[in-house]
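Below is one structure, written out as structure tokens, with a few remarks after it.
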Amino acid sequence: MAVENIVIVGGGLAGGTAAKTLRAEGFSGPVVLVAEEAHHPYLRPPLSKEYLLGKANDDALPVVPEGWYAENGVELRLGEQVTRLDPGARTLGLGDGSRLEYASLLLATGARPRSIPLPGSGLDGVSTFRTVEDSLRLRAGLVDGGRNVVMIGSGWIGMELAAAASTYGNTVTLLGLAKVPLGAAIGSELGGFFRSLHEANGVRFRLPASAAEITGQSGRVTGVVTDAGDVLPADLVIIAVGVVPETSLAEAAGIGLRNGILTDASLRTGTPGIYAAGDVANALHPFTGEHHRSEHWSNALNGGKVAAKSMLGQDAVLDTIPYFYTDQFDVSMEYSGFPTLISGPPTIRGSLEGKEFLAFWQRDGQVVAGMNVNWPRSDKPQKTIKALITAKAALAPGVLADPGVPLDQLLDQLLPGA
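All letters in the sequence shown, in the order written, are residues 491 to 908 by our numbering.
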């Protein structure tokens, strides 16, 4: 090609981190980042937590300071849609009719909120949640309190939004298909812990239940009808039932897909010159030998770095252990591990009632996942959890639960011959 350039499609953490890493690794060629949103690349986790609660301002969102792109020669095309990808010609078609060539291409297109075909979902006051605008709009609707809020979805985002809505003094009712919120992610015991936390702060649950219809008057939402026929008054309805990887561009171009864009451990797709990172990538993980797609910020951060290094021909693989966190009311939680490897309930150290504990999940004796809730950071619980997972050695559940064994000594307790 006439110009050996790199193009990044996507304005989230993966795309922004990739651009930063390219320059940090010494690449001096042209870099173009195309983003459908009009914002500079930004972080999403604060949107449902401290930013929504007004505890963080706009400065908490950018991946890098806005002036960094111009200072480092990275061209931004914000508010621009990529309409076509031609891998054979190595070109992108843009919404303004122009064409953009690339030598290497990173698809960091993220995900979009999953939609459900509910009557009344187009009424004012009904929304999904994904963007800065969504967070600002929801904050404006919640901040004065005294409103009826119905949350459809009992996953992590639904629970975080319910916590924020209740904190602002609104009446919150949460609907979910599972018997226990978060049960699919962390099991019934710990899902029950989070349910009790929310109920103690005034959140009402209808589980299992689904919405059959959203009612309104004069174009504005007034309520939600459940599948049992109950009518819940609603001034605001938030639909938070997960996301779908944004693969339409890749699919039309014939790039391999399976629950996202398939990549190897270096985030290369099966199409020459094209890489994928972040929420959209279903990457081979060296630890498990299986493909994993993660929607958490740690994956986007590390994936952006690995993709950039891979595009530069470096030997880089995405081998970090998946990690995420949540803040709800007075609970702060961190989690690392591989949920797909879990077999059986967790071993608990500490007190659920006291809201300070660790949970370890095992498979064949090996720790494959762990979480800490309000645990002292001085103990570095996540460092220990990740070390235990990496060790791939068995440990007796009684040792994990025993408060008399310091966390930093757990690695000394691995079972011999495991």
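Note that beta-carbon positions come from the ideal geometry of N, C-alpha and C, so glycine has one too.
Please read these numbers as outputs of a predicted model, since none were measured by experiment.
Let me make sure I understand the geometry here. Which of Pro520, Gly519, Leu533 and Glu494 has the alpha-carbon closest to that of Gly505? Here the closest residue by C-alpha is Leu533.
For Val796, which three-state DSSP category applies? helix
Using the beta-carbon count (16 or more within 10 Å), is Gln899 buried or exposed? exposed
Quick check: what's the CA-CA separation for Gln872 versus Ile745? 36 Å
Are the CB atoms of Thr511 and Ala798 nearer to each other than 7 Å? yes
Measuring CB to CB, does Arg853 end up less than 7 Å from Leu831? yes
Roughly how many whole angstroms lie between the Cα atoms of Leu584 and Pro762? Distance from the CA of Leu584 to the CA of Pro762, rounded to the nearest whole angstrom, comes to 21 Å.
DSSP beta-bridge partners for Trp851? Listed as beta-bridge partners of Trp851 by DSSP are Ala859.
With a cut-off of 8 Å on the beta carbons, I'd call Leu802 and Glu515 a contact; round off their distance for me. 6 Å
If you compare alpha carbons, which of Gly706, Glu824 and Tyr658 is closest to Ala859? Glu824
I'd like the list of long-range same chain contacts for Gly618, defined as Cβ closer than 6 Å, with 5 residues on each side in sequence excluded. The residue asked about is misnamed: residue 618 is Thr in this sequence, not Gly. Short of 6 Å from the beta carbon of Thr618, and not among the five residues preceding or following it, lie these beta carbons of its own chain, in chain order: Pro603 and Ile729.
Taking only runs that begin and end inside the stretch 674-721, name each unbroken beta strand (DSSP E) of 3 or more residues, in chain order. 694-696, 701-707 and 710-716
Which partner residues of His781 appear in the DSSP bridge assignment? Paired residue(s): Leu774.
Tell me the DSSP secondary structure of Asn547 in three-state form. coil
So Pro609 is in the beta strand (DSSP E); what residue range does that whole segment cover? Segment: none, Pro609 is in no beta strand (DSSP E) and carries neither H nor E.
Write down the C-beta distance between Lys845 and Asn864 rounded to the nearest angstrom, noting that I regard them as a contact closer than 8 Å. 5 Å
Neighbour-count burial assignment, Ala492, 16 or more Cβ in a 10 Å radius: With a pLDDT of 39 at Ala492, under the threshold of 50, the predicted position of this residue should be treated as unreliable, though the coordinate-derived value follows. With fewer than 16 other Cβ atoms within 10 Å, it is exposed.
Can the beta-carbon of Ala740 be found less than 7 Å from the beta-carbon of Leu901? no
Where Asn789 sits in the DSSP three-state scheme: Residue state, collapsed to three classes: helix.
Name the one or two DSSP bridge partners that Ser617 has. The secondary-structure analysis by DSSP pairs Ser617 across a beta bridge with Ile728.
DSSP on Glu494, reduced to helix/strand/coil? Residue state, collapsed to three classes: coil.
Are Val770 and Thr599 close, meaning C-beta to C-beta below 7 Å? yes
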